[in-house]
Amino acid sequence: PSHAASSIWGSISNSTGKGVELGGGNAGLVHDPVFGVGTFALSHSSPGGSNQPSLAEIEAQLMRTAGTQPPQRRMMSVEEVEATLMNINGGRPIISEAMLAEQEAKNGRLEERRAERQARQAELAKYNGLMTQSDKDFINRIQISQLVTDDPYADDFYCQVYTAIRNRHQQQMGMPGTMVDSGATDRRRGTGRTEQRMQQQVQRIVSDAKRNPKRTNGIDKDLLLLHSSELTVEGALGKIAVNSVLNPRQLLQVSKRGSTNDVSAGDSPKPSSPGPVSTKSHTVLRWIEGVYTYVLALEQKRRQLPQPPRMGEEELGREKIQEWNEEYGVLARKMWDELRITVPIGVVHPHPFIAILNFSKGKKVIPRVLRHLLPEQTLTLLTMLVANFESLNVCKAEVQEDVQGNQEIELFMNTIVPPLLGFVSEAPFRIVVGLLALFIERNNMLWVARSKPGLAFLTLFLSRAEILKQGQGNYPVPDEREIQQWNELYNRLFTQLQTNFSVLFMPKATMPEDVHVWRFLAAMAVGALVEQQHVLVTEVREKVLENVLAAQKSRSPAEAAQRIRNVNLFLHALGLDASQVAVPAAM
Amino acid sequence: MDDHAPLEGSGIEEPLDLVRLSLDERIYVKLRGDRELRGKLHAYDGHLNMVLGDVEETITVVDVNEETSEEVIRIVKRNCEMLFVRGDGVILSQESEWKNAPRQRINHSCIKNI
Chain A
1 PSHAASSIWG
11 SISNSTGKGV
21 ELGGGNAGLV
31 HDPVFGVGTF
41 ALSHSSPGGS
51 NQPSLAEIEA
61 QLMRTAGTQP
71 PQRRMMSVEE
81 VEATLMNING
91 GRPIISEAML
101 AEQEAKNGRL
111 EERRAERQAR
121 QAELAKYNGL
131 MTQSDKDFIN
141 RIQISQLVTD
151 DPYADDFYCQ
161 VYTAIRNRHQ
171 QQMGMPGTMV
181 DSGATDRRRG
191 TGRTEQRMQQ
201 QVQRIVSDAK
211 RNPKRTNGID
221 KDLLLLHSSE
231 LTVEGALGKI
241 AVNSVLNPRQ
251 LLQVSKRGST
261 NDVSAGDSPK
271 PSSPGPVSTK
281 SHTVLRWIEG
291 VYTYVLALEQ
301 KRRQLPQPPR
311 MGEEELGREK
321 IQEWNEEYGV
331 LARKMWDELR
341 ITVPIGVVHP
351 HPFIAILNFS
361 KGKKVIPRVL
371 RHLLPEQTLT
381 LLTMLVANFE
391 SLNVCKAEVQ
401 EDVQGNQEIE
411 LFMNTIVPPL
421 LGFVSEAPFR
431 IVVGLLALFI
441 ERNNMLWVAR
451 SKPGLAFLTL
461 FLSRAEILKQ
471 GQGNYPVPDE
481 REIQQWNELY
491 NRLFTQLQTN
501 FSVLFMPKAT
511 MPEDVHVWRF
521 LAAMAVGALV
531 EQQHVLVTEV
541 REKVLENVLA
551 AQKSRSPAEA
561 AQRIRNVNLF
571 LHALGLDASQ
581 VAVPAAM
Chain B
1 MDDHAPLEGS
11 GIEEPLDLVR
21 LSLDERIYVK
31 LRGDRELRGK
41 LHAYDGHLNM
51 VLGDVEETIT
61 VVDVNEETSE
71 EVIRIVKRNC
81 EMLFVRGDGV
91 ILSQESEWKN
101 APRQRINHSC
111 IKNI
């Protein structure tokens, strides 16, 4: 028993042990009724109430708590030992001297650090309260008023567009709680609104100052100075140019020579540049830049809609709106002229409009242009495009290695086809017939059909005609004569493409990317007579089988599903399905 | 740049208009310090600061051998997706062919005919 007991004690205090002195008191061996002889040394008992009970006291407590324990100690479980140990000093923690010393040192350090921090704060705060809130607002007003703009899209373009794009991305990703605020981000929400308020304030102040130059105080005069580029000072004859942040002094004063307006005369054929490297045509590039200039001006005009008239000022309001409409119309007409769409065909090859479309910049500007065109103009644009389609640089068969060319084709499909698709989807039957007739008349259909853009347009016309024939469009069902015209056209197209349907597929059998070919075939099949359908099936049969087989053997289920989907586009138009295809065992 | 934009006519009115024509096209820029850039011009300004995309920088280094005083010409090439060039260092710019193909092509040699 004594061994067990001493082992317990041995763990809690390093100063216990057989015969070790404690506290410098009288050492001696004691005969202890419980723990036996010589188990520990006793120190003089500490005065009552001190935090450092002597071992004797601890022992005494233990004995008391132990209570009715028989002399032979049973082995205590770990929990019981812990519990006993916890209760030894009446629940108070037993603190040794070493521990106390540590504590004091730690406290000292903490206090040092606290004192340092306070001293630093005091230094910084020594000059607090020098400015009143109104002083601070005054300075803020001056600073922010310099940032205030009338037209953020003109003066702060990149920031606006960047936040717009980021908000759109966040919305697409489905970020919860994204605020689509054109003037602010999530963090800067507050400053965004303040800027708007500031802008209104400043505008009010500036207009008041202009109206009553005598009544304005010093501060508002400064604001007026900042936001005006000209000032009329009393006593001065005429206006004075004022240089401020928004209107800096020019280093050079260059006067622009008014160049002659040669828009209509600028149809000269592209002058070939002397260098062998450059295939750029400066003339066409100039036209494109002209279009961009007008598009930018129109977009800015759109943003500066005249305000709705206030009460009692309706006449003035109407005038302003009329003025705006006129200016807008002038710009739109100039843009239209710059596009060279109305240049007669045959004067120059390629047609100037086609030359514009051959550049990627030219393609990119078209969606923006279309927003400002009247429907008749859009139709004229489409007509011109269709009439000269085969001279487009993207109207050619896709070659896998030609990365640059493929990018241009993709660009065409993404920028020009969608808005025109929208237009054709609203067009009446006779227009569709007219466009397809022009298409077939003026272009080599086989050449056109081998290109992605060509197939896209063909599919577009064919499907729109079908929808209208079935009366599903917003227009009445076409009459006999129109349907007759259509059928003739269809037959012409069919005969031209006959025996070459399988050639439309690109020779890369590895990738199931010929969706557009299958879509075109489906559009053809829907409008075909029975014999024609037979022809289609016979010619394309190999391709169908090839795809079905590849889908069966394919390792990726996604690819297989894609192939089956493609093939079904065509088969469903014929009333068939891919599951009905029986693959001959010989393949 | 709208002050320089030819709003009324379609003539080129000042040299910067020529740079405007090269927007969104690949250009060749010669810089100070025997450097050249080939990239797509995204933006420029009156100082000829430029933002170029898909850029290949070519630095021509002349190492002089101390003992033999022989000059060895070395060419260092670097690529950048998007680059801002300070107009200060631009000597000239010119329209360029599509020599630096997008990343799909393999660069066959380091020293090309410039």
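Protein chains in written order, with UniProt numbering: chain A, 1 to 587; chain B, 1 to 114.
Just so you know, even glycine gets a beta-carbon here, dropped at the ideal spot from N, CA and C.
Residue j beta carbon less than 9 Å from that of residue i
{"i": "A/M288", "j": "A/F359", "result": "The amino acid occupying residue 288 of chain A in the given sequence is Ile; Met does not appear at that position. Contact flag set, yes."}
{"i": "A/N560", "j": "A/L504", "result": "Residue identity check: residue 560 of chain A is Ala in the sequence provided, not Asn. No, Cβ-Cβ distance for A/A560 and A/L504 is not below 9 Å."}
{"i": "A/L223", "j": "A/I142", "result": "yes"}
{"i": "A/N388", "j": "A/I345", "result": "yes"}
{"i": "B/N49", "j": "B/V85", "result": "yes"}
{"i": "A/V245", "j": "A/E230", "result": "no"}
{"i": "A/E327", "j": "A/Y153", "result": "no"}
{"i": "A/M392", "j": "A/L357", "result": "Looking at the sequence itself, residue 392 of chain A is Leu, so the reference to Met does not match. Contact: yes."}
{"i": "A/V369", "j": "A/V291", "result": "yes"}
{"i": "B/T60", "j": "B/R35", "result": "yes"}
{"i": "B/N65", "j": "B/E71", "result": "yes"}
{"i": "A/A355", "j": "A/M413", "result": "no"}
{"i": "A/N325", "j": "A/E390", "result": "no"}
Three-state class that DSSP yields for residue i in the structure shown
{"i": "A/F35", "result": "In this prediction, A/F35 scores a pLDDT of 49, lower than 50, which makes its location untrustworthy; the coordinate-derived value is nonetheless stated afterwards. Note: A/F35 maps to coil in three-state DSSP."}
{"i": "A/C159", "result": "helix"}
{"i": "A/S244", "result": "strand"}
{"i": "A/Y475", "result": "coil"}
{"i": "A/R166", "result": "helix"}
{"i": "A/G183", "result": "With a pLDDT of 44 at A/G183, under the threshold of 50, the modelled position of this residue cannot be trusted; read the value that follows with caution. A/G183 falls in the coil class under three-state DSSP."}
{"i": "B/E71", "result": "strand"}
{"i": "A/R310", "result": "coil"}
{"i": "B/G33", "result": "coil"}
{"i": "A/L374", "result": "coil"}
{"i": "A/L55", "result": "helix"}
{"i": "A/S463", "result": "helix"}
{"i": "B/L23", "result": "coil"}
{"i": "A/H351", "result": "coil"}
{"i": "A/A551", "result": "helix"}
{"i": "A/E426", "result": "coil"}
{"i": "A/I94", "result": "coil"}
{"i": "A/E327", "result": "helix"}
{"i": "A/L574", "result": "coil"}
{"i": "A/M86", "result": "helix"}
{"i": "A/K396", "result": "coil"}
CB-CB length for residue i against residue j, believed under 8 Å
{"i": "B/K77", "j": "B/E57", "result": "7 Å"}
{"i": "A/R340", "j": "A/P352", "result": "4 Å"}
{"i": "A/E435", "j": "A/V477", "result": "Residue 435 of chain A is actually Leu in this sequence, not Glu. With a Cβ gap of about 19 Å, A/L435 and A/V477 do not count as contacting."}
{"i": "residue 623 of chain A", "j": "A/A522", "result": "Residue 623 of chain A is absent from the model: chain A starts at 1 and stops at 587."}
{"i": "A/V581", "j": "A/V544", "result": "6 Å"}
{"i": "A/T378", "j": "A/F423", "result": "6 Å"}
{"i": "A/N566", "j": "A/V535", "result": "About 20 Å separates the two Cβ atoms, so there is no contact after all."}
{"i": "A/L382", "j": "A/W336", "result": "Not quite, the Cβ-Cβ distance comes to about 14 Å (not below 8 Å), so this is no contact."}
Those residues which DSSP pairs with residue i across a bridge
{"i": "B/C80", "result": "B/V55"}
{"i": "A/Q485", "result": "Paired residue(s): none; A/Q485 is not in a bridge."}
{"i": "residue 115 of chain B", "result": "Any answer about residue 115 of chain B is impossible in this case: the structure gives chain B only from 1 up to 114."}
{"i": "B/Q94", "result": "B/Y28"}
{"i": "B/V64", "result": "B/E71"}
{"i": "B/R38", "result": "B/Y28, B/E56"}
{"i": "A/E230", "result": "A/A241"}
Residue i burial status per 10 Å Cβ neighbour count (16 or more: buried)
{"i": "A/V284", "result": "buried"}
{"i": "A/T163", "result": "buried"}
{"i": "A/G129", "result": "exposed"}
{"i": "A/N87", "result": "exposed"}
{"i": "A/L124", "result": "exposed"}
{"i": "A/V548", "result": "buried"}
{"i": "B/H47", "result": "exposed"}
{"i": "A/V433", "result": "buried"}
{"i": "A/V583", "result": "exposed"}
{"i": "A/F461", "result": "buried"}
{"i": "A/N474", "result": "exposed"}
{"i": "A/G575", "result": "exposed"}
{"i": "A/P418", "result": "exposed"}
{"i": "A/F138", "result": "exposed"}
{"i": "A/C395", "result": "buried"}
{"i": "A/T132", "result": "exposed"}
Near the ligand ADP: residue i beta-carbon under 8 Å from a heavy atom
{"i": "B/L37", "result": "Ligands in the displayed structure: none, and consequently the ligand ADP is not present."}
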